[in-house]
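Asks: Below you will find the structure I want to go over with you.
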Amino acid sequence: MSTQQGFGLLKGKKGIIFGALDDRSIAWRVALACHREGAEFALSNAPVALRLGTLDELGKQTNAPILPCDVTKDEEVKELMEQVKEKFGKIDFILHAIGMSPNIRKNKPYVNLNYTFYHQTLEISALSLHKILHFATEEVNVLNDGGSVLALSYIGAQRIFSKYNDMNDAKALLESIARNYGSRLGHRGIRVNTISQAPTITSAGSGIKGFDGMYAFAEQMAPLGNPSADDCADYCVTLFSDLTRKVTMQNLYHDGGFSTSGITETLIENLAKAYQNGE
Ligand code: NAI
């Protein structure tokens with residue numbers, strides 16, 4: 025963990041963390057950081073992911089129940105919210121760390137997408153945020169006034185990264201849903217934000233062809249270098265805490281400065297060397 029010492033920032037807070045698959049997952053690192061800060065939470069993932077069994081270890085470490093939920097299924101999202109309400113009463117935060125593109129997995133180029141897969145990409149990676157918010161605030165009403173909802177995004181929403189394919193579109197939609205829903209929950213003091221995280225070595229990340237190149241480029245372009253999943257977890261903690269009560273409808277870059285960097289000395293030197301060597 026990047027910060028060893030806890031600050032008690034989430035003492036007394038309860039939540040749901042979606043998307044921890046293995047110990048590299050951003051959600052896994054967020055769960056450890058939230059536990060360190062005194063939060064209680066449920067861990068959720070799709071039944072097929074839970075069958076791998078790795079989440080049990082995190083559940084034990086953080087004393088968290090594990091609740092299955094395929095976020096594409098309305099009834100499963102509703103049931104999850106009901107189970108959480110039964111276990112915890114009302115909750116204060118939700119992390120959406122869910123993303124998947126069957127088109128990327130099956131190497132379908134953007135100009136020749138499979139439309140069934142495209143629909144799945146959008147449903148899993150973006151519409152699911154709407155669904156989670158809907159069931160958490162309307163149908164089951166498990167989210168406290170003053171709560172904080174956070175989803176993980178990528179700069180592909182603003183600028184096209186060719187290898188990110190239809191996930192560029194999914195992240196643009198995800199960020200729009202965060203703003204649109206955030207505007208409707210402000211009267212209850214509930215904030216909805218996205219964190220635009222730099223390339224991070226995880227199952228989803230390294231499943232993208234060309235990920236190593238994207239990672240290395242971002243690393244050289246960002247004055248602070250790429251933030252790790254643990255760094256991202258610390259940032260999430262601040263956004264779940266009461267210290268950020270008036271931050272909502274934002275897409276917050278967590279990328280070491282990548283998004284506002286034109287070019288860096290390191291990149292210029294390395295490009296010059298590569299051209300000299302005829303690479
Ligand atoms: P990951 O593979 O560990 O997490 C993705 C999660 O989505 C998995 O736990 C998977 O089981 C879950 N998921 C997929 N389909 C689901 C469904 N139908 N129902 C419920 N859960 C489902 O990878 P990572 O990198 O931790 O991804 C978390 C989030 O961070 C994603 O939204 C990703 O797009 C985003 N992100 C990742 C970056 C990276 O470079 N790794 C960079 C920027 C954002």
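Heads up: take any position in the sequence shown, counting from 1, add 24, and you land on our numbering.
Glycine is no exception: its CB is placed at the ideal position from the N, C-alpha and C atoms.
Can you give, in chain order, each stretch of the alpha helix (DSSP H) that sits fully within the segment 155–239 and has at least 4 residues?
Replies: List check, alpha helix (DSSP H) in window: 191–209 and 227–230.
Asks: Can you have a look at P251 and say buried or exposed, based on whether 16 or more other CB atoms are within 10 angstroms of its CB?
Replies: Looking up residue 251 in the sequence shown gives position 227. Label assigned to P251: buried.
Asks: Our contact map puts G57 next to A51 with C-beta atoms below 8 Å; I'd like the distance itself, whole angstroms only.
Replies: Indexing the sequence shown from 1 puts residue 57 at position 33. Indexing the sequence shown from 1 puts residue 51 at position 27. Rather than Gly, the amino acid found at residue 57 in this sequence is Ala. Contact doesn't hold; Cβ gap of about 11 Å is too wide.
Asks: Please check the pair K114 and F264, which I expect to be a contact at CB under 8 Å, by giving their CB distance rounded to whole angstroms.
Replies: If you number the sequence shown from 1, residue 114 lands on position 90. If you number the sequence shown from 1, residue 264 lands on position 240. Not quite, the Cβ-Cβ distance comes to about 15 Å (not below 8 Å), so this is no contact.
Asks: Give the range of the beta strand (DSSP E) segment to which K38 is assigned.
Replies: Position 14 of the sequence shown, counted from the start, is the residue given in the question as residue 38. From DSSP, the beta strand (DSSP E) with K38 extends over K38 to F42.
Asks: At the level of alpha carbons, what is the spacing between T268 and T262?
Replies: Position 244 of the sequence shown, counting from 1, holds the residue named residue 268. Position 238 of the sequence shown, counting from 1, holds the residue named residue 262. Going from the Cα of T268 to the Cα of T262 covers about 7 Å.
Asks: With distances taken Cα to Cα, identify the nearest neighbour of F235 among S186, R215 and K130.
Replies: As a working note, residue 235 is residue 211 in the sequence shown. Minimum Cα distance to F235 is reached at S186.
Asks: What do you get for Q29, buried or exposed, if any count of 16 or more other CB atoms within 10 angstroms of its CB means buried?
Replies: Position 5 of the sequence shown holds residue 29. Classification of Q29: exposed, given that the 10 Å Cβ count is below 16.
Asks: Given 8 Å as the limit, is there contact between the segment 202–220 and the segment 148–166, that is, 3 or more CB pairs closer than that?
Replies: Segments in contact, yes.
Asks: If you drop the 5 nearest sequence neighbours on each side, which residues of the same chain put their C-beta closer than 6 Å to that of E61?
Replies: Locating residue 61 in the sequence shown gives position 37, where the first residue counts as 1. Answer for E61: G30, L33, L34 and V261, listed in chain order.
Asks: Does the Cβ of C58 lie closer than 7 Å to at least one heavy atom of the ligand NAI?
Replies: Here the question's residue 58 lines up with position 34 in the sequence shown. Result no, Cβ not under 7 Å from the ligand NAI.
Asks: Looking at the structure shown, is S68 part of a helix, part of a strand, or coil, going by DSSP?
Replies: For this step, residue 68 is matched to residue 44 along the sequence shown. In this structure, S68 counts as strand in the three-state DSSP scheme.
Asks: On the three-pair Cβ rule with 8 Å, is the segment 88–107 touching the segment 148–155?
Replies: These segments touch.
Asks: I think K111 touches A55, with their Cβ atoms under 8 Å apart; what is that distance to the nearest whole Å?
Replies: To locate residue 111, count along the sequence shown from 1; it is residue 87. To locate residue 55, count along the sequence shown from 1; it is residue 31. So it is not a contact: roughly 16 Å between Cβ atoms.
Asks: Identify whether D254 lies in helix, strand or coil by the three-state DSSP scheme.
Replies: Here the question's residue 254 lines up with position 230 in the sequence shown. If DSSP states are grouped into helix, strand and coil, D254 belongs with the helices.
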